[in-house]
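Chains as they are written, first to last, in my numbering: chain A, 87 to 472; chain B, 6 to 140.
Written as structure tokens, this is what we have:
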């Protein structure tokens, strides 16, 4: 097993358009029949849970459930759901609550435990796995399974797998709204088509973000800490983006809610800490503009992930990662993640490092064992029993 | 001679009267005698020839069809929606075509008869074909 190439995520980001073009329809076919119409119609709330990228996907997809399907959605990390969430679910009525566990590998133990416990708490809950491999422990503990398998491109911090999970979640939200008569099936199909058409936006955004990512990585390689901020679905994107920086380059990074940054991290040194402001057109955009001004006044180095038409944050930014094409806010996490994947790759190269510290032999050895067990690098060291 | 009538239905279920468009098509054709074949190329819509003068008549028709085939959640066709599945059955029962006599350059319709497109799962973009066969 060789160290991962520093730029491995660039190939992943480049392939996102293809993933959308080729995988949305097959995944949608599974989603449509994952529950019966009666079960879909009975739902009143959805809990979504996962670890790492999968947790970030739950955060990023929350708005799709609440705004499109108009159904209450509670995203939680698997540990929180397992020990501090599932015990308090209202289980008065059968089939009105869906618990969705997300695991790219299908082997995430805490997610499997969460689904298992949900069923122990009440048989009235419906459990579902969204996974790239539904034969693993997560799928084994779920009533229903949505396979979001994408062609393997080798080891990398998850970018395509994250997108596949997001696609599964968004298509599930569209289906729930469709069967619950929130909109007609022609509108549901139009949304599905809109998702597929984002493939072109992904391709164009990838191309437009390559140079900014390269230039920004050169300029910011001295940074000891990088923060990503966003609101609503972009908070999920911020969490995911920060994870890619850490996994790939090893640089300390965090994702934060826009407003929370104003209350906490704005007071941190150094003044020139790079801040990625993820601000798609949508509900939280106005606040992103305010905070971009504050960040500029503080001396922060601003990296804007915005639509190419955007003016307010763009004029304040040191680097701009333009999204080429319109994207509704609920779908924005599929596209606004591209900037971080590219930036993280070039930063890793600038720092002479390898993703997941795979330049270190002991890490490589542990990782080989993990892959043999069909688990992801982020699950390394988790040896607790199911 | 073919006429394509494009329109959008505006409700989940409704009857849309296309009599005026089809009569105008027949008039413009200058065909004195023959048949006008009207065809609906949809699987959740159909054609009904009936009264449209009292708006409660279409309501009764739709209500009774809905009573016969209610939108249930246990249809076998689950790829789309329950109302889509019910729409297929309703469309099959009412049919998708009608033939009218043309004489003296006019459609031979009863005075209260309309040519009604039956929407069973709208609103959707719809089309109807009308073809005149002289003779």
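Each residue gets a CB set at the ideal place from its N, CA and C atoms; glycine is no exception.
When you compare only the Cα positions, how much space is there between residue i and residue j?
i	j	result
residue 19(B)	residue 52(B)	11 Å
residue 116(B)	residue 65(B)	19 Å
residue 416(A)	residue 133(B)	36 Å
residue 240(A)	residue 78(B)	43 Å
residue 467(A)	residue 359(A)	With a pLDDT of only 47 at residue 467(A), under 50, the local geometry of the prediction cannot be trusted, and the value read off the model is given with reservation. Cα-Cα distance, rounded: 32 Å.
residue 269(A)	residue 276(A)	11 Å
residue 150(A)	residue 114(A)	15 Å
residue 219(A)	residue 307(A)	37 Å
residue 253(A)	residue 42(B)	46 Å
residue 418(A)	residue 321(A)	11 Å
residue 440(A)	residue 317(A)	30 Å
residue 299(A)	residue 379(A)	22 Å
residue 392(A)	residue 286(A)	17 Å
residue 23(B)	residue 55(B)	12 Å
residue 161(A)	residue 327(A)	18 Å
residue 92(A)	residue 434(A)	6 Å
residue 75(B)	residue 123(A)	15 Å
residue 470(A)	residue 137(A)	The predicted model places residue 470(A) with a pLDDT of 46, which falls under 50 and marks its position as unreliable; any figure quoted below should be read in that light. Using only the alpha carbons, I get a separation of about 15 Å.
residue 394(A)	residue 424(A)	14 Å
residue 30(B)	residue 135(B)	8 Å
residue 102(A)	residue 291(A)	10 Å
residue 251(A)	residue 139(A)	9 Å
Among the candidates the options, whose CA atom is the shortest distance from the CA of residue i?
i	options	result
residue 337(A)	106(A), 206(A), 97(A), 311(A)	311(A)
residue 126(B)	13(B), 106(B), 120(B)	13(B)
residue 371(A)	400(A), 90(A), 179(A), 271(A)	400(A)
residue 38(B)	106(B), 120(B), 8(B)	106(B)
residue 221(A)	382(A), 190(A), 384(A), 207(A)	190(A)
residue 331(A)	234(A), 314(A), 344(A), 353(A)	314(A)
residue 411(A)	294(A), 356(A), 444(A)	294(A)
residue 244(A)	156(A), 262(A), 442(A), 258(A)	442(A)
residue 214(A)	121(A), 155(A), 385(A), 289(A)	121(A)
residue 169(A)	267(A), 204(A), 194(A), 184(A)	204(A)
residue 16(B)	73(B), 67(B), 112(B)	67(B)
Would you list the one or two residues that DSSP bridges to residue i?
i	result
residue 133(A)	160(A), 185(A)
residue 213(A)	185(A)
residue 41(B)	105(B), 137(B)
residue 112(B)	107(B)
residue 232(A)	216(A)
residue 11(B)	132(B)
residue 389(A)	362(A), 405(A)
residue 342(A)	315(A)
So which residues on chain A does residue i lean against when the C-beta distance must stay under 8 Å?
i	result
residue 131(B)	Those within 8 Å of residue 131(B) in chain A number zero; the least Cβ separation is about 11 Å.
residue 83(B)	118, 119, 122, 123
residue 78(B)	122, 123, 124, 127
Consult DSSP for residue i and reduce its assignment to one of helix, strand or coil.
i	result
residue 422(A)	helix
residue 174(A)	helix
residue 122(B)	strand
residue 19(B)	strand
residue 50(B)	strand
residue 408(A)	strand
residue 365(A)	strand
residue 168(A)	helix
residue 208(A)	coil
residue 120(A)	coil
residue 316(A)	strand
residue 440(A)	coil
residue 394(A)	coil
residue 242(A)	coil
residue 56(B)	strand
residue 85(B)	coil
residue 35(B)	coil
residue 72(B)	helix
residue 222(A)	coil
residue 180(A)	coil
residue 103(A)	helix
residue 469(A)	Because the pLDDT at residue 469(A) is just 44, under 50, the model does not fix this residue reliably, and the point stays unresolved.
residue 456(A)	helix
residue 92(A)	coil
residue 94(B)	helix
residue 310(A)	coil
residue 128(A)	helix
residue 373(A)	helix
Name, please, each residue of chain B whose Cβ falls closer than 7 Å to the Cβ of residue i.
i	result
residue 271(A)	85, 86, 89
Which chain A residues sit within Cβ distance under 7 Å of residue i?
i	result
residue 128(B)	270
Which residues of chain B have a Cβ atom closer than 8 Å to the Cβ of residue i, listed in chain order?
i	result
residue 265(A)	86, 87
Should residue i be listed as close to the ligand GTP, given that the test is whether its C-beta is under 8 Å from any heavy atom?
i	result
residue 326(A)	Ligands are entirely absent from the displayed structure, and the ligand GTP is therefore not among its contents.
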